[in-house]
Amino acid sequence: MREMVWKKRKNMDGNMKNKIRVNGMTGLGALYHKELADHLKSKRFLILLILIGSTSFASLYGALTALGNAEDSNYLFLKLYTTSGSSIPSFLSFIALLGPIIGLALGFDAINSERSSGTLNRLVSQPIYRDSIIIGKFLAGTAVIATIIYSMGTMLGAMGVLVTGLKPSGEEVWRVLIFLTFTVIYVAFWLAISILFSVVCRHAATSALASIALWIFFAIFMSLVASIIANAMYPINDEYSALVNSMDHYTLNLGINRLSPYYLYSEAVSTIMNPGVRSVNVVTVDQLVGAVSGYLSLGQSLLLVWPHLTGLAALLLVAFGGAYLGFMRQEVRAN
Amino acid sequence: MTEKSRNVIEIAHLTKQYGEKIAVNDLNLCIKRGEVFGLLGPNGAGKTTTILMLLGLTEPTAGSALIEGMDCTRNPLEVKSITGYLPDNVGFYSDMTGRQNLRFTGRMNGLSGKALEERIDGLLRRVGMEQAANRKAGTYSKGMRQRLGIADVLMKDPEIIIMDEPTLGIDPEGMRELLTLIRELAQEDGRTILISSHQLHQIQQVCDRVGIFVSGQLIASGTLSELEEQIRKDGSYLLELEVQPCDDRLLAMLRQQEGVRKISKEGNTFLIDAKTDLRASLTQFLGEYGYTVLHLHQRGGDLDEIYRRYFEKAGQSDERDGMEKKKKYGWKYEK
Chain A
1 MREMVWKKRK NMDGNMKNKI RVNGMTGLGA LYHKELADHL KSKRFLILLI
51 LIGSTSFASL YGALTALGNA EDSNYLFLKL YTTSGSSIPS FLSFIALLGP
101 IIGLALGFDA INSERSSGTL NRLVSQPIYR DSIIIGKFLA GTAVIATIIY
151 SMGTMLGAMG VLVTGLKPSG EEVWRVLIFL TFTVIYVAFW LAISILFSVV
201 CRHAATSALA SIALWIFFAI FMSLVASIIA NAMYPINDEY SALVNSMDHY
251 TLNLGINRLS PYYLYSEAVS TIMNPGVRSV NVVTVDQLVG AVSGYLSLGQ
301 SLLLVWPHLT GLAALLLVAF GGAYLGFMRQ EVRAN
Chain B
336 MTEKSRNVIE IAHLTKQYGE KIAVNDLNLC IKRGEVFGLL GPNGAGKTTT
386 ILMLLGLTEP TAGSALIEGM DCTRNPLEVK SITGYLPDNV GFYSDMTGRQ
436 NLRFTGRMNG LSGKALEERI DGLLRRVGME QAANRKAGTY SKGMRQRLGI
486 ADVLMKDPEI IIMDEPTLGI DPEGMRELLT LIRELAQEDG RTILISSHQL
536 HQIQQVCDRV GIFVSGQLIA SGTLSELEEQ IRKDGSYLLE LEVQPCDDRL
586 LAMLRQQEGV RKISKEGNTF LIDAKTDLRA SLTQFLGEYG YTVLHLHQRG
636 GDLDEIYRRY FEKAGQSDER DGMEKKKKYG WKYEK
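Quick mapping for you: the protein sequence lines, in order, are chains A and B.
In case it helps, this note's numbering puts the first sequence at residues 1 to 335.
In case it helps, this note's numbering puts the second sequence at residues 336 to 670.
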C-alpha cells in the first residue's frame, strides 16, 4: 500500500516538473498576437483608417492643384507631401496634427479597461512576466501605427506618381521613407503617453481626456507659451531692445518650442522633406556670406535633424518608461 | 521527506503591511495535497492579500510562502504555471467568444495546435458551456462567467487551484454544480484547492479543513469537528428550542434546570446557554409536562456557530454590530 502511494507521488512529482514550462517569450508572443488581432478587428482601427485615408486624399488633391504653379521643379515628388493647396494643408502638417490621434486612440484604455473588466487579474495570474503585458500592448500598438503610416504614405506617393507621371529618384524615395519612420516614432510616442495615462487613471474616459489635453496643449498652446516666456525674458518692444534682444529672443523661443514633440517632429520632417532647408537654427548674415545656394544631400539633411530624432526617441523612451514603471509598481488588486 | 512533500502550500510567518495597517499578520499555514481548504473571514480580513502573496503578485513584508517548495515571491513564474487562480468577479474579454478567451489563456500557458483545441473542448464539456462557447463573453450571465472562469483556470492543468469568493452571486442551482465540481477537482483529479470565502454554508459542504481569518490573523484552523471540539472544551452548549405552547411557566422551569446559564428568546425560539448537554433531560422533562417539541437543535455543528464563537473569543466587534442578521440563525458580531 505504502509502495503504491509512493509510486503515485513520484509520478506526480515527475509530471509536475514537466509541466513547469517557464518561458517569458510565449506569453509576450500570445499577448502581442491577441492585441494586434484586437486592434485590427476593432471599429476604432477602421475609423482611424478612414480619417487618415481621407485627409491623405485631401492633401494630395491640394498638392496636385498647387503643384502646377511651383517655381522650382526640383524634388517635385517630395512636394506631393509638402505642398499645401488652396486652403488644404499639406500631408506633412496633416500628419503632424492628426498623427497623435492614432496613438492616443490605440492606447488610452490599454491598462485601465483590463483593470475595470477584471481581465487584468486573470492575466497576471498566468505564468508570464508582468512586463510582457505592457510591452505586448505597446509593440502591438506600434505595429498597427507602422502599418497605417507606411501604407498611407506609400499609397499617397503611388497615387501621385500615377496621376502626375513623376518619376521619383532614389534619394526622394529614401527621404520619404525616413519621413515615415520619423512619423512612426512620433506617433508611437503618443501611444506611450496614452498608455501612461491608462496606467495612471482609473477610468478610460479620464485617460482619454488627459492625453487629448496634452496633445492640444503641445499642438496649439506650446508656441503661445514659448513666445510669452521669450517676450518676458527678452522683450523686443522698441527698436533698441529689438536690436539687443532679437537673437536671444528667437533662440529662447525656439528652444522652448522644441520641448514640444509636435514642434520637434514638424521641424525634423520639414527639413528631411525639403532639401532646400540648410539650417534649423538662427543664421546670421555673416555666416551666409559667400554661401552658394543649393540643396543639401540626404546625409547632410539627416545630420541636421539627428538631434531631433534623438530627442524624439528619448521622449518616447521616457513616456514608455514611465508607463512601464507605473504599471510594474501598481497593486494588482482591482478595487 | 515524506512529511514534507505532502505539504503543497507552506506559509510561514507571512506578514503584509500597508503603511500603518497590517493586512496579514504572522500567518502560518500548511495545506496538503488533494485537500480542500477553506479560508474564512469577513470582508477585509486579508484573504485576498494572502492569495496575492501566494501568487507572487504582492510582495510580503516578512515571512515566506512556498508552493511545491518554490518561493512564491522569487519564482512567481514557476508557481503560476502550476497554480490556477480564479479571482472574485472574474472578467473576460467581452468582444471575444468564450472559446477565444480560453484559447488565449492556453497560448499564454504555452499550449498550441491540436492539444490546445482538445483541451478547450474537454473543459467546455466539463463545465457545461459547449452551447455558449461561440457566443461573445460579453453576453454571459454571472453564473456562466464563473463556469468559464473555472474552465479558464483548468486550462493550465494546475496542481493547485485558488478561488477567491467563488460562490458570490451564484444562484442555488449554479452553486450546487459549482460545489460538485470543486469536490470532483479535489477527489478525482487530486488537485489541491484553496477557497476564500465569507459564505459559510457553501464552504462547509466542500472543505476538508477550514481556517478562520480575522483582521489579518488566523485565529483557528482544522477540520470542522476539530473546531467544534475546541469550542466544546470551553464547556459551552447552545441549544435552540421551540415548543408548543410557549408560556411563562416553561421559562421559569427552564431557569431551574441545572447548568443553565442564560436564556434568551429569538422570535419563537428559546436560546439556552448551558454548561452541559441538556438534550436528554430536556426532552424527558418536556414530555412529562405535555409540551410539543417543534424544534430542538444543538448549535455548534455548523460553521456559523463555530465562526461566531471564534469571533467572540477573538474579541471582535464590528460597526455593523447588531445590524447584521444573516440567514436563519442570525450570526452576529458580539463583544
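Backbone N, C-alpha and C fix where the C-beta goes; we use that ideal spot for every residue, glycine too.
Because the structure is a prediction, the values reported are computed rather than measured.
(1) Since I believe glycine 136 (chain A) is in contact with tyrosine 32 (chain A) (beta carbons under 8 Å), could you give me their beta-carbon distance rounded to a whole number of angstroms?
(2) Rounded to the nearest angstrom, how far is the Cβ of alanine 358 (chain B) from that of glycine 551 (chain B), given a contact under 8 Å?
(3) Report the neighbours of tyrosine 475 (chain B) on chain A: residues whose CB is nearer than 9 Å to its CB, in chain order.
(4) Checking 8 Å against the spacing of the C-beta atoms, do arginine 175 (chain A) and isoleucine 95 (chain A) come in under that value?
(5) Which residues in the same chain as lysine 719 (chain B) place their Cβ atom closer than 7 Å to its Cβ, once the five residues preceding and following it in sequence are excluded?
(6) In chain order, which continuous runs of the beta strand (DSSP E) of length 3 or greater are located wholly inside the segment 571-618 of chain B?
(7) Spatial neighbours of aspartate 499 (chain B) within its chain, please: C-beta separation below 8 Å, excluding the five flanking residues on both sides.
(8) Is the distance from the Cβ of tyrosine 344 (chain A) to the Cβ of leucine 97 (chain A) below 8 Å?
(9) Let me confirm a value: leucine 317 (chain A) is counted as buried when at least 16 other C-beta atoms fall within 10 Å, else exposed. Which label applies?
(10) From the beta carbon of glutamine 330 (chain A), is the nearest beta carbon of chain B less than 8 Å away?
(11) CB of alanine 347 (chain B) to nearest heavy atom of the ligand FMN: below 7 Å?
(12) For leucine 49 (chain A), which residues from the same chain have a beta carbon less than 8 Å from its beta carbon, with the 5 sequence-adjacent residues on both sides left out?
(13) Can you tell which of A:Ile102, A:Ile111, A:Ile134 and A:Ser117 has the C-alpha that lies nearest to the C-alpha of leucine 337 (chain A)?
(14) Classify leucine 362 (chain B): buried if its beta carbon has 16 or more other beta carbons within 10 angstroms, exposed otherwise.
(15) Would you report the Cα separation of arginine 438 (chain B) and phenylalanine 372 (chain B), rounded to the nearest angstrom?
(16) Counting C-beta neighbours from all protein chains within 10 Å, is the total for alanine 213 (chain A) 16 or more, i.e. buried, or is it exposed?
(17) Give me the chain B residues within the contact set of glycine 118 (chain A), using Cβ-Cβ distance strictly less than 7 Å, ordered along the chain.
(18) Could you pull out every residue in the same chain whose Cβ sits closer than 8 Å to the Cβ of leucine 312 (chain A), ignoring the five residues on either side in sequence?
(19) When DSSP builds the beta bridges, which residues end up paired with glutamate 345 (chain B)?
(20) Against isoleucine 133 (chain A), what residues of chain B qualify as contacts under a CB-to-CB distance less than 7 Å, listed in chain order?
(21) Given a cut-off of 8 Å, decide if lysine 477 (chain B) and glycine 504 (chain B) are closer than it, judged by their beta-carbon atoms.
(22) Using 8 Å as the threshold, is the C-beta distance between threonine 65 (chain A) and serine 86 (chain A) below it?
(23) Less than 8 Å between the beta carbons of methionine 159 (chain A) and leucine 309 (chain A), yes or no?
(24) Under the assumption that leucine 106 (chain A) contacts histidine 39 (chain A) (Cβ atoms under 8 Å), give the Cβ distance between them as a whole number of angstroms.
(25) I need the straight-line Cα distance from leucine 412 (chain B) to aspartate 406 (chain B), nearest angstrom please.
(26) Can you list the residues of chain B that asparagine 144 (chain A) reaches, using a CB-CB cut of under 7 Å?
(27) Can glutamate 370 (chain B) and threonine 527 (chain B) be called in contact, C-beta distance under 8 Å?
(28) Could you list which residues in chain B have their beta carbon closer than 7 Å to that of lysine 34 (chain A), in chain order?
(29) In chain B, what lies closer than 9 Å to tyrosine 324 (chain A) by C-beta?
(30) For glutamine 300 (chain A), collect the residues of the same chain with a Cβ closer than 6 Å to its Cβ; drop the 5 residues on either side in sequence, then sort them by chain order.
(31) Rounding to the nearest angstrom, what Cα-Cα distance links aspartate 238 (chain A) and tyrosine 75 (chain A) in this structure?
(32) Closer than 7 Å by beta-carbon distance: list the chain B residues that pair up with valine 124 (chain A), in chain order.
(33) Who are serine 531 (chain B)'s beta bridge partners in DSSP?
(34) Let me know the secondary structure DSSP gives threonine 677 (chain B) once reduced to three states.
(35) At a CB distance below 7 Å, what residues from the segment 443-457 of chain B approach chain A? Give them in sequence order.
(36) I want to see whether chain A comes within less than 8 Å of serine 531 (chain B), judged by CB atoms only; does it?
Considering the structure as presented:
(1) 5 Å
(2) 6 Å
(3) Simply none; closest approach about 12 Å.
(4) no
(5) There is no way to answer for residue 719 (chain B), as the model of chain B reaches only from 336 to 670.
(6) 572-579, 595-601 and 604-609
(7) Lys382, Thr383, Ile386, Tyr420, Leu421, Pro422, Asp423 and Ser531
(8) The structure shown has nothing for residue 344 (chain A), since chain A only spans 1 to 335.
(9) exposed
(10) no
(11) Among the components modelled here there is no ligand, and therefore nothing to report on the ligand FMN.
(12) Ile148
(13) Because chain A spans 1 through 335 in this model, residue 337 (chain A) falls outside it and cannot be assessed.
(14) buried
(15) Cα to Cα, arginine 438 (chain B) sits roughly 29 Å from phenylalanine 372 (chain B).
(16) exposed
(17) Chain B residues near glycine 118 (chain A): Pro422, Asn424, Val425 and Gly426.
(18) Sequence-distant Cβ neighbours of leucine 312 (chain A) in its own chain, meaning closer than 8 Å and more than five residues away, are Phe182, Ile185, Tyr186, Phe189, Pro261, Leu264, Tyr265 and Ala268.
(19) B:Cys365 and B:Leu401
(20) Neighbours of isoleucine 133 (chain A) on chain B: none; closest Cβ ~10 Å, over 7 Å.
(21) yes
(22) yes
(23) Against a cut-off of 8 Å, the Cβ pair of leucine 309 (chain A) and methionine 159 (chain A) comes out as no contact.
(24) 6 Å
(25) 10 Å
(26) In the sequence under discussion, the amino acid at residue 144 (chain A) is valine, which differs from the asparagine named in the question. None at all; the shortest Cβ gap to chain B is about 16 Å.
(27) yes
(28) Phe439
(29) Within chain B, no residue comes near tyrosine 324 (chain A); the closest Cβ sits about 17 Å away, beyond 9 Å.
(30) none
(31) 42 Å
(32) Leu392
(33) B:Leu374 and B:Asp499
(34) Because residue 677 (chain B) is not part of the residues shown, which for chain B are 336 to 670, the question remains open.
(35) Met443, Asn444 and Gly445
(36) Output row for serine 531 (chain B): interface = no.
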